[in-house]
Amino acid sequence: MSLNRRDFVTRSAATAAGAALVGGLSAAAATPAAAADHDRDESHGREPVPFKGAFTVMGTTDLHGHVLNWEYFTDSEYDDAAHNDVGLAKVSTLVEQVRKEKGRGRTLLIDAGDTIQGTQLSYYYARIEPITGKRPPRHPMAAAMNAMGYDAAALGNHEFNYGIPLLRAYQRQLDFPLLGANAVNVKDEKPAFPPYVIRELHLGHGRPVRVGILGLTNPGIAIWDKANVQGQLAFPGIPEIAAKWVPKVRAAGADVVVITAHTGVDGSSSWGDQLPYAENAGAEIAATVPGVDAILVGHAHKEVPQRIVVNTATGKNVVLSEPALWGERLTCFDFEVEYARGRWTVTGVSARLLNSNTVAEDPKIVKLVKDQHRKVVAYVNQVIGTCKETLSIAESRFRDTPIIDLIGRVQADAVRGALAGGPYAALPVLAQAAPFNRTAVIPAGQVKLRDAAGLYIYENTLEARVLTGAQLKDYLEYSAKYYAQVAPGAPIDRDALTNAGNTPDYNYDSIYGLSYDIDIAQPVGSRITGLSHQGAPVDPAAEFVLAVNNYRASGGGNFPHVAAARQVWANSDEIRNTMIAWVQAEGVIDPADFSGDADGTWRLVRAGVPVF
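If you read the sequence shown in my numbering, its first letter stands for residue 1, the second for the next number, and so on.
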């Protein structure tokens, strides 16, 4: 049953909103400092026999707006090649199973961020019927997580996608704290969100065990959502801030410290040298910050059942776990503790994952969001136009395809129209695009809103930047690192050919309006040949306007030149909406109108010979 806010405040014992809170939230504050020491042996000072107890901390991450096991882009039950299931309704069933097994009072439930962006359900209540209105609806993620009894959640970077006012509205709807020790106010460098909370668990002996939960978010927010946070919030490094706050959590009375952090276990940072902080720093926290028992990580969208890192200062094991994404898995940190001489001590921690596809959806969560779900299904099934032929993204990683050209054409048209009559109207307009969603299809015949939304799955907005021909070549060379190097005559494995160096699909850009070859026989940095615009070689000194999404323009993916390039226009509406409006205005999508040589084409070659 969901707690109301008064119940929540009573249970948490100490609250403070936003930046005013520096010391965290402590349930221990409402409890006498010293409970009866039931472990004390009354028979003449003999050594007490430690009481052994156990509890479980459950965790989710990167839920991205998934409440139900539903795919709004296809308007059907979610399924993938591995037959994973998704959504909080599935997770809720797993949570209740663990609570029944362990005892409800011996469990906690936390999240590692990225909750309110990612599905048309969450988009609808951010943009179409926003929770910032005069009579705001309950956000479906808030409703579900409250009903499930979450104890705390960390901020993810995608929490900031819709701006700080909507994030604050979401925060107010939660019956649990939204934690972010390293989301600080620019003016005073104090936390703008609660840094931590302490929860108490009664294990049947001695005083309650006090579990401190410290929340950390990703420094990349300063780049990815610069327009929303610049001048207001800063995001220092994750291990650096953990080192500052873990001792404070211990000093506040925590017997156990669990970190929930929107950061991966390890790996390179997508921003290169733009920030002096690590993007994926879970293992670094574990190795360098004393006093941490377990870390729930996220952000990387990986399945990590258990990773053990030895802390270099204490020699103790720290257990990390990441439960994939979208509610596909549930992490369980199983703690073993001992109580003696008035103190609880952790004697063992292990982690495991539970799979959502092994259970049915919790009917109470399904019922809770039923009306909102139906409203969004009706919204995404609006007909916005027609298409002359089926357009599929299936080959877009390997060849120029009309469906990606459509994204480029829409963006180029929007920028060209915005610049008309101005000082940059004479410059050629190009556009970047990436294959975001490997299953996207625009069907022949009727085109629905969900078809366009499924092609452009992110809430990016559009900008226009001026780059030279030489800078565009550098941009394409950097993008081409997506491909593995393959010698002439060697066999080609399509799956091994792409995503080289762990480059995700969303960081592989083609440029609409330019023609070029990518020679995969050559090393990274020397692959782009035959670069031309409308049949003429590109002059390195010539200037072009590049229509580019705000993620890329702000430095996302660390592409060269674009973040420092001159901005000549920007739009606050999502590219997805620009696409929907374009289709509605055109009425008919005809790939012959935007997918010919005059619009630029690219191809993969090997020593000059086409690969496919």
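Beta carbons are placed, not taken as given, at the ideal position from N, Cα and C, and that holds for glycine.
How would you call S268, buried or exposed, if buried means at least 16 neighbouring beta carbons within 10 angstroms?
-> Looking up residue 268 in the sequence shown gives position 268. The residue is exposed, with fewer than 16 neighbouring Cβ atoms inside 10 Å.
For E338, the three-state DSSP class (helix, strand or coil) = Residue 338 sits at position 338 when you count from the first residue of the sequence shown. E338 falls in the strand class under three-state DSSP.
For K448, the three-state DSSP class (helix, strand or coil) | Position 448 of the sequence shown holds residue 448. K448 falls in the strand class under three-state DSSP.
State buried or exposed for D371, treating a residue as buried only when at least 16 other CB atoms are found within 10 Å of its CB.
-> In the sequence shown, the residue the question calls residue 371 occupies position 371. Exposed, because fewer than 16 other Cβ atoms sit within 10 Å of the Cβ of D371.
What's the call for G149, buried or exposed, on a 16-neighbour Cβ count within 10 Å?
-> Along the sequence shown, read from residue 1 onward, the residue named residue 149 stands at position 149. Its Cβ being crowded by 16 or more others within 10 Å, G149 is buried.
In the DSSP assignment, what are the bridge partners of S76?
-> Residue numbering aside, residue 76 sits at position 76 when the sequence shown is read from its first letter. DSSP output for S76 lists E71 as bridge partner(s).
Output the distance between the C-alpha atoms of A30 and G253, rounded to the nearest integer angstrom.
-> For the purposes of this step, residue 30 is taken as the residue at position 30 of the sequence shown. For the purposes of this step, residue 253 is taken as the residue at position 253 of the sequence shown. Because A30 sits at a pLDDT of 35, beneath the cut-off of 50, its placement in the model cannot be relied upon, and the following sentence gives the value as read from the coordinates. The straight-line gap from Cα to Cα measures roughly 12 Å.
Quick one: using the 10 Å Cβ neighbour count with 16 as the cut-off for buried, is V609 buried or exposed?
-> Position 609 of the sequence shown holds residue 609. V609 is exposed by the Cβ-count criterion.
When DSSP labels each residue in this structure, what does H198 get in the three-state scheme?
-> In the sequence shown, counting from the first residue as 1, residue 198 sits at position 198. This sequence places Ile at residue 198; His is not what is there. Of the three classes helix, strand and coil, the one that applies to I198 here is strand, per DSSP.
In or out: A585 buried (at least 16 other Cβ within 10 Å) or exposed?
-> Taking the sequence shown and counting its residues from 1, one reaches residue 585 at position 585. So A585 counts as exposed.
Which value, in whole angstroms, describes the spacing of the CA atoms of A581 and E101?
-> On the sequence shown, position 581 is the one that residue 581 refers to. On the sequence shown, position 101 is the one that residue 101 refers to. Rounded to whole angstroms, A581 to E101 spans 52 Å at the Cα level.
To the nearest angstrom, how far is it from the Cα of T439 to the Cα of L391?
-> Mapped onto the sequence shown, residue 439 falls at position 439. Mapped onto the sequence shown, residue 391 falls at position 391. If I take the Cα positions, the gap works out to 11 Å.
Whole runs of the beta strand (DSSP E) within the stretch 342-385, excluding any shorter than 3 residues = 343-355
Rounded straight-line distance, which links the Cα of Q274 to that of T217 = One-based indexing of the sequence shown puts residue 217 at position 217. One-based indexing of the sequence shown puts residue 274 at position 274. Approximately 17 Å between the Cα atoms of the pair.
Nearest-angstrom beta carbon gap, D111 and T331 [assumed within contact, 8 Å] | Against the sequence shown, residue 331 aligns to sequence position 331. Against the sequence shown, residue 111 aligns to sequence position 111. Rounded, the Cβ-Cβ distance is 10 Å, inconsistent with contact.
For I403, the first and last residue of its enclosing beta strand (DSSP E) = In the sequence shown, residue 403 corresponds to position 403, counting from 1. No beta strand (DSSP E) holds I403; the alpha helix (DSSP H) holding it covers 402-419.
Which two residues bound the contiguous alpha helix (DSSP H) that contains Y506?
-> Residue mapping note: residue 506 aligns to position 506 of the sequence shown, counting from 1. Counting along the chain, Y506 falls outside any alpha helix (DSSP H), and DSSP gives it neither H nor E.
CA-to-CA distance, K375 to N182, given in whole angstroms | Taking the sequence shown and counting its residues from 1, the one referred to as residue 182 is at position 182. Taking the sequence shown and counting its residues from 1, the one referred to as residue 375 is at position 375. Rounded to the nearest angstrom, the two C-alpha atoms are 37 Å apart.
Taking C-beta to C-beta, are E303 and K90 nearer than 7 Å?
-> In the sequence shown, counting from the first residue as 1, residue 303 sits at position 303. In the sequence shown, counting from the first residue as 1, residue 90 sits at position 90. Against a cut-off of 7 Å, the Cβ pair of K90 and E303 comes out as no contact.
Identity of the residue in V441, G600, A453, V611 nearest I520 by Cα | Here the question's residue 520 lines up with position 520 in the sequence shown. Cα-wise, what sits closest to I520 is V611.
Using a Cβ-Cβ distance under 7 Å, would P428 count as near chain C?
-> Protein chains in the displayed structure number just one, and chain C is not present.
With a cut-off of 8 Å on the beta carbons, I'd call R250 and V257 a contact; round off their distance for me.
-> Position 250 of the sequence shown, counting from 1, holds the residue named residue 250. Position 257 of the sequence shown, counting from 1, holds the residue named residue 257. Sure, about 7 Å apart at Cβ, within 8 Å.
Can you list, in chain order, the residues of its chain whose CB lies under 7 Å from that of A169, leaving out five sequence neighbours each side?
-> Along the sequence shown, one-based indexing puts residue 169 at 169. Contacts found: I131, T132, P136.
Please classify N280: is it buried, with 16 or more other beta-carbons within 10 angstroms of its beta-carbon, or exposed?
-> In the sequence shown, residue 280 corresponds to position 280, counting from 1. Classification of N280: buried, given that the 10 Å Cβ count is 16 or more.
Three-state secondary structure (DSSP) of V49 | As a working note, residue 49 is residue 49 in the sequence shown. Residue state, collapsed to three classes: coil.
Could you name the residues that DSSP lists as bridge partners for Y516?
-> Position 516 of the sequence shown, counted from the start, is the residue given in the question as residue 516. Answer is W602, bridged to Y516.
Cβ shell of F160 (< 7 Å), same chain only, five flanking positions each side left out = Numbered from 1 along the sequence shown, position 160 holds the residue referred to as residue 160. Cβ neighbours of F160 beyond the five flanking positions: L167, I221, D225, N228, V229.
Leaving out five residues before and five after D517 in sequence, what residues of the same chain have Cβ atoms less than 8 Å from its Cβ?
-> To locate residue 517, count along the sequence shown from 1; it is residue 517. Hits under 8 Å: I528, T529, G530, W602, R603, L604, V605, G608.
N-terminal and C-terminal residue of the alpha helix (DSSP H) that P323 is part of | One-based indexing of the sequence shown puts residue 323 at position 323. No alpha helix (DSSP H) holds P323; the beta strand (DSSP E) holding it covers 317-323.
Based on the DSSP secondary-structure assignment, which residues constitute the bridge partners of A433?
-> One-based indexing of the sequence shown puts residue 433 at position 433. DSSP output for A433 lists S510 as bridge partner(s).
Based on Cα-Cα distance, which residue from V67, D590, Y339 lies nearest to P50?
-> Indexing the sequence shown from 1 puts residue 50 at position 50. Nearest option by C-alpha distance: Y339.
State yes or no: is the C-beta of L497 within less than 7 Å of the C-beta of A480?
-> On the sequence shown, residue 497 is found 497 positions in, with the first residue counted as 1. On the sequence shown, residue 480 is found 480 positions in, with the first residue counted as 1. No, Cβ-Cβ distance for L497 and A480 is not below 7 Å.
Decide if T61 is buried, meaning its Cβ has at least 16 other Cβ atoms within 10 Å, or exposed.
-> By 1-based counting over the sequence shown, the position of residue 61 is 61. Its Cβ being crowded by 16 or more others within 10 Å, T61 is buried.
With a cut-off of 8 Å, do at least 3 Cβ pairs link the stretch 79-93 to the stretch 450-466?
-> no
Is it right to say D151 is buried, meaning 16 or more other beta carbons lie within 10 angstroms of its own, or is it exposed?
-> Along the sequence shown, one-based indexing puts residue 151 at 151. Result: buried.
Which residues in the same chain as N157 place their Cβ atom closer than 8 Å to its Cβ, once the five residues preceding and following it in sequence are excluded?
-> What you label residue 157 is simply residue 157 of the sequence shown in a count that begins at 1. Excluding positions up to five away in sequence, the list reads G113, D114, T217, N218, G220, I221, W224, D225, H262, H299.
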